[in-house]
Every structure is written in structure tokens, then in C-alpha cells.
Amino acid sequence: MTPSTSGTAPARAALTGSAAPCWVNLMTRDLESAQKFYGPVMGWSFRPGRLGDDFSVARRGDVPVAGIGAVATAFRVAVAWTPYFAVRDADVAASRIRERSGTVAVGPLSLGKGRGALAADRDGAGFGIWERTEPATSPDGHAHAWLRLRTRSAFDAAIFYGEVLDWASGKPGACEVSYAKDEVIVQCGGRQLARISSGAVEAAPDPLVRPHWQVNFPVDDVTLAVERAREHGGSLVEELAHPEGREATLLDPDGGLFTVTDVHRASDAGAA
33 MTPSTSGTAP ARAALTGSAA PCWVNLMTRD LESAQKFYGP VMGWSFRPGR
83 LGDDFSVARR GDVPVAGIGA VATAFRVAVA WTPYFAVRDA DVAASRIRER
133 SGTVAVGPLS LGKGRGALAA DRDGAGFGIW ERTEPATSPD GHAHAWLRLR
183 TRSAFDAAIF YGEVLDWASG KPGACEVSYA KDEVIVQCGG RQLARISSGA
233 VEAAPDPLVR PHWQVNFPVD DVTLAVERAR EHGGSLVEEL AHPEGREATL
283 LDPDGGLFTV TDVHRASDAG AA
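In this text, residue positions in the sequence shown follow the working numbering: the first is 33, and each later residue adds one.
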């Protein structure tokens, strides 16, 4: 597609607060194939995860940036990049999701040093929740991706996630919600965690138009990432130009959508 200047650049997601995005994970069908694609496209290396042979951790240098699990077939879920939000109690959060007409597809179940669940909001956008049950072995840092929720109604979605994740609750560490140019901005500890925008259509055949969490990975060279994606069986879905930089939404060979961006903002100073 032809680059445009429409839209607003995504916000960086920081790992702070009780309900901040804490991780992004690819649910795929074949671990080896995913690693062969994302390694050259993103410059990642991989190490085995602690959850078995079907899991690995993607790393940029020595820094863990994302998880990959070849469990889409076993869990009967679509291949997709999914953000996980930290919660104090996975059972309470799962109950809140169901009570508000969302869906809990898997869990909560024990995973490594915590308990997690895979869910969808009432418009069908997939996300995860994560409760840490063991002390962290390293200090909290920042998620190495930016998040945007494209949904039917940003206002309604903010209410759903606010009630599930205690956003704008006034509790210690809770994320705050504000509104700007018809978007909902989620902040925690003074950092932008996510943007929520309206206009998605649940029945749309185009996956970019249906409600979904968009995971944006910062890269040094968007053009190079697109070229490498095509060389390794992926395809370009959409390319946009913003005043702050460029972004390209890509499809991996297994059908997973993700975005690469070189957007840098003054408000992101100090973020990972």
C-alpha cells in the first residue's frame, strides 16, 4: 500500500504498574519455522524457554524481548502476537473478564514463575493476563514493543480493560487513562503504555480492520525489515508514514501480524 500520513504513531509500552503490559508472545504452529523467519527479520537470537520444547525466548543481544510458543494448534487459537498484562490475581482477573462478556480461552494455569491465561475482550481482541507467583530474579524493565488496540469503540474498551485490570482505580501502581484526539491513552508511572482507537469492524474480512491488539517492534531500518520479511516468506500488509517516522505491518509465513517501526518520540526518552 502507498504510505500515508493518517493515524497517530503508537506509544511505547513500559513494564511498570500492576496492570501494565509485561510481555508479548507469539502463538504459532511451528517453533523452528518461526525462528527461521524472525531471526533474520528482527535480528533476534533464541534460547529455549522454561516451559518445554515448544517454547523459546527471543533476545536482542542479551536482552529478552519476546516469547514464542508453538501451541496455537494445541490451544485451538489463531496464530497471533499477543500482549500480556500483569495482574495481582489471575483468578480474579479471569472472573472479571467473563463477567464483562469477554472470553477466557485458556487458563488460568501455572506457567513458569506465575499463572497466566489467554483471553479475548468482548469485541474479540486477544490478550493475556499474568500473575507472578515467585519473586523476580531481575529488576523490572520495559516491554520491548509498543501497543495499540484497534477496537469498535475506544471508550467502551477503556471501560472493559479498566474494570478488568484496575486502570484509573486510584490503587497504588494503577495505570491512568486520558483522552486525546478521539483516542484513549493509557499511562502508568508517567509513561504511555498503550493507545486505544475506535473504528474496527468485528465482521471485517481484513484482519487489520477487525478488533485486535497491534504489537509494534522498534527497528533501526523499516525498509530492511520489510525486505528480509519478503525474502523469508512474509509479506507487507500496510505501510504508513507519520511525522515521527515510518511503520510497516507485516504478515509472517504462518499468518501472524506484527508491525515494525522507526518512530521515536521525545516522550519515549529513557524507555527501553
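Even for Gly, the Cβ is constructed at its ideal location relative to N, Cα and C.
### Task
Below 8 Å CB to CB, which residues in the same chain sit around L83 once its five sequence neighbours on both sides are set aside?
Closer than 8 Å at Cβ, skipping near neighbours: G101, L143 and G144.
### Query
Around the Cβ of R79, are there at least 16 other Cβ atoms within 10 angstroms (buried) or fewer (exposed)?
With fewer than 16 other Cβ atoms within 10 Å, it is exposed.
#### Entry: Classification of E166 by the beta-carbon crowding that lies within 10 angstroms, buried from 16 upward
By the 10 Å Cβ count, E166 comes out exposed.
### Query
Got a sec? Which residues, its chain only, sit under 8 Å from R180 by beta carbon, not counting five neighbours each side?
Excluding sequence neighbours, R180 sits near P42, A43, A226, R227, I228, S229, W245, Q246 and N248.
### Residues of its chain near P171, where Cβ-Cβ distance is below 7 Å and the 5 sequence neighbours each way are ignored
Unreliable positioning characterises P171 in this predicted model, as indicated by a pLDDT of 38, which lies under 50. The coordinate reading is nonetheless provided below. Counting only Cβ-Cβ distances below 7 Å, and skipping sequence neighbours, we find nothing.
### Query
What does F78 pair with, by DSSP beta-bridge criteria?
BP columns for F78 point to A90.
### Query
With respect to the alpha helix (DSSP H) encompassing L194, which residues constitute its N-terminal and C-terminal limits?
The sequence as given places Gly at residue 194; Leu does not occur at that position. In the DSSP annotation of this structure, the continuous segment of the alpha helix (DSSP H) that includes G194 starts and ends at A186 to L197.
### Message
Does E215 come out as helix, strand or coil in the three-state DSSP assignment?
### Response
Residue state for E215 is assigned as strand, using DSSP reduced to three classes.
### Message
Give me, in chain order, the residues of the same chain whose beta-carbon lies closer than 6 Å to that of V97; leave out the 5 immediate sequence neighbours on both sides.
### Response
Take V97, set aside five residues on each side of it, and the residues of its chain with a beta-carbon closer than 6 Å to its own are A90 and H176, in chain order.
### Task
Please confirm whether G99 and W55 have their CB atoms less than 8 Å apart.
In contact: G99 and W55 (Cβ atoms closer than 8 Å).
### Query
Who does L63 pair with in a DSSP beta bridge?
In the DSSP output, where bridge partners are listed per residue, L63 has none listed.
### A104 - containing alpha helix (DSSP H), residue span
For A104, the enclosing alpha helix (DSSP H) has its first and last residue at A104 to F107.
### Query
Based on the DSSP secondary-structure assignment, which residues constitute the bridge partners of A273?
Residue pairing for A273: DSSP places it in a beta bridge opposite R278.
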